Amino acid sequence: MKKSKLFYLLGIVLVSTALVFSSCKKDDDPAPAPPVVDPCDTYLPTFSPTYLVIPGTPEMLDFYITCTTDDWEMIKVIVTYPGGLGSNEYLGSGQLMTSGSPFTFSNYFPKLGGTWIFAITGNIKSGNCVNKSFTVTVSSVVTGK
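See below:
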């Protein structure tokens with residue numbers, strides 16, 4: 030075989046190889062990263078309600094609610110009586126509460142047995158989720174005669 034034909038054949042092989050490999054698609058784009066989930070999106074502070082019975086005729090209840098996890102700003106609290114017999118709304122007007130400090134209401138409630146419900150709306154003021162708004166519902170069961 031002549032040298033010119035050999036170079037010609039070698040040139041065709043090289044060009045063909047270059048065309049084949051350049052037409053192969055490589056996946057240079059990595060898979061998109063999963064979205065970053067903010068733990069504050071699902072975080073809710075923890076509240077613990079309790080009550081005292083105020084003796085008298087009739088007996089009355091004095092509720093105390095404590096946030097056990099965070100300092101917080103009180104926006105409002107809606108108190109719902111057992112069985113839906115009534116409700117009261119209390120505005121916090123931005124009152125700041127520290128973790129572990131109980132708050133109470135400006136009045137007593139009639140002693141009604143059953144489940145009292147407290148819908149607490151506020152803003153977190155400590156920890157990793159500062160200024161996150163929340164609404165937490167907690168309940169307290171009143172027993173006895």
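Note that my numbering has the sequence shown beginning at 30, numbered continuously upward.
Ideal placement from N, C-alpha and C gives every residue a C-beta, glycine not left out.
Since the structure is predicted, the reported quantities are computational estimates derived from the model, not experimental observations.
By Cβ distance, which residues of its chain are closer than 7 Å to residue i, with the 5 residues on each side in sequence left out?
i	result
T172	G142
G129	T95, T97
In whole angstroms, what is the alpha-carbon distance linking residue i and residue j?
i	j	result
Y80	C158	29 Å
P68	Q124	25 Å
T127	P59	47 Å
P139	V65	48 Å
K161	N152	5 Å
D100	P87	35 Å
F76	D70	18 Å
When DSSP labels each residue in this structure, what does residue i get in the three-state scheme?
i	result
D70	helix
P111	helix
G123	strand
G143	strand
N157	helix
Just to confirm my understanding: we take residue i, look at its own chain, exclude 5 residues before and 5 after, and list those with CB closer than 6 Å. What are they?
i	result
G113	none
Tell me residue i's beta-bridge partners as DSSP assigns them.
i	result
Y137	DSSP lists no partner for Y137.
G151	M103, F163
For residue i and residue j, which I take to be in contact (beta-carbon distance under 8 Å), what is that distance rounded to the nearest angstrom?
i	j	result
K105	G121	6 Å
S168	W145	6 Å
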